[in-house]
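Student: Numbering (the UniProt record's numbering), first residue to last: 1 to 196. Every residue, glycine too, gets a C-beta built ideally from N, C-alpha and C. Every value quoted in this text rests on a predicted model; they were computed, and no experiment measured them. Structure incoming, see below.
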DNA sequence: CCCTGATTCGC
DNA sequence: GCGAATCAGG
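Spelled out as structure tokens, the structure:
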């Protein structure tokens with residue numbers, strides 16, 4: 001007997017691309033949703049890899065018709081306007097609430113671009129000047145000299161090495177790197193961009 | 001680090 | 001055919 005009970009094992013629905021699902025997949029893919037978004041839309045048992053894999057098998061990788069009717073050279077980038085930005089964006093965002101959201105399928109990141117922004121005097125008033133203190137303050141008693149570093153201390157240098165007030169972060173470092181969480185993130189975000 | 005799609009390859 | 005693992009890029 002064919003004992004393929006792979007399905008219906010633990011109430012999980014391992015996909016099994018039905019016409020319905022494939023249809024939805026096609027639709028969403030064409031609409032420009034990302035693979036992970038589509039995966040989330042199709043169900044918990046579907047990963048973005050599954051989606052991408054299917055997409056390729058269906059041979060519908062290309063999903064945007066830029067209307068390349070003119071293989072001409074790039075028309076000089078149009079300079080619409082340069083809304084001058086003041087000093088800093090003053091990002092006062094951080095407190096990420098602990099909202100339970102396993103996989104928040106985004107609403108619709110579709111439309112973006114031309115967004116008329118008009119600031120009322122009130123809004124402008126609320127724009128504080130950027131703190132500019134993008135560095136952690138380490139209490140003096142926590143500061144470490146070069147010789148005090150060990151495997152578990154953050155080795156992020158702070159200050160001018162030539163001056164007296166030079167020290168190392170010294171916070172407990174992550175297993176994944178030589179820095180504490182704060183500095184690890186800071187380092188990566190810089191380097192990874194330009195790497196290679 | 002987050003994310004994206006592309007490709008490979010054992011199942 | 002399927003999709004996790006990997007790769008390559010932003």
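Between 19, 158 and 17, which lies nearest to residue 166 when the distance is taken from Cα to Cα?
Tutor: Per the Cα distances, 158.
Student: Taking residue 148 as the reference, which of 172, 163, 162 and 135 has the closest Cα?
Tutor: Per the Cα distances, 172.
Student: Look at residue 197 and residue 170 and say whether their C-beta atoms are less than 9 Å apart.
Tutor: Nothing can be reported for residue 197: it is not among the residues displayed for the chain, which extend from 1 to 196.
Student: Are the beta-carbon atoms belonging to residue 55 and residue 42 less than 9 Å from one another?
Tutor: No, these two residues do not count as a Cβ contact at 9 Å.
Student: Could you pull the start and end residues of the alpha helix (DSSP H) that residue 24 belongs to?
Tutor: 19-31 is the extent of the alpha helix (DSSP H) around residue 24.
Student: Helix, strand or coil: how does DSSP classify residue 52 here?
Tutor: It is helical.
Student: Going by other Cβ atoms of all chains shown within 10 Å of its Cβ, with 16 needed for buried, is residue 106 buried or exposed?
Tutor: Low confidence applies here, because residue 106 scores a pLDDT of 46, under 50, leaving its location unreliable; read the following figure in that light. Residue 106 is exposed by the Cβ-count criterion.
Student: Using the C-alpha atoms, what's the distance from residue 26 back to residue 19?
Tutor: Cα-Cα distance, rounded: 10 Å.
Student: In whole angstroms, what is the alpha-carbon distance linking residue 180 and residue 174?
Tutor: So the alpha carbons of these two residues sit roughly 5 Å apart.
Student: Tell me which same chain residues have a C-beta within less than 8 Å of the C-beta of residue 185, skipping the five on either side of it?
Tutor: So no residue of the chain qualifies.
Student: When burial is assigned at 16 or more other CB atoms within 10 Å of the CB, is residue 40 buried or exposed?
Tutor: Label assigned to residue 40: buried.
Student: Using DSSP with H/G/I as helix, E/B as strand and the rest coil, what is residue 158?
Tutor: Three-state result, residue 158: strand.
Student: With H, G and I counted as helix, E and B as strand and the rest as coil, what does DSSP make of residue 215?
Tutor: Residue 215 is absent from the structure shown; the chain starts at 1 and stops at 196.
Student: Got a sec? Which residues, its chain only, sit under 8 Å from residue 152 by beta carbon, not counting five neighbours each side?
Tutor: Hits under 8 Å: 172 and 173.
Student: Which of the three DSSP states, helix, strand or coil, is assigned to residue 174?
Tutor: Coil at residue 174, not helix or strand.
Student: What residue range is occupied by the uninterrupted alpha helix (DSSP H) comprising residue 36?
Tutor: Start and end: 35-42.
Student: What does residue 153 pair with, by DSSP beta-bridge criteria?
Tutor: Answer is 172, bridged to residue 153.
Student: Return the CA-CA distance between residue 141 and residue 178, expressed in angstroms with no decimal places.
Tutor: Their Cα atoms are separated by approximately 20 Å.
Student: How many Å lie between residue 60 and residue 44 at the Cα?
Tutor: The straight-line gap from Cα to Cα measures roughly 23 Å.
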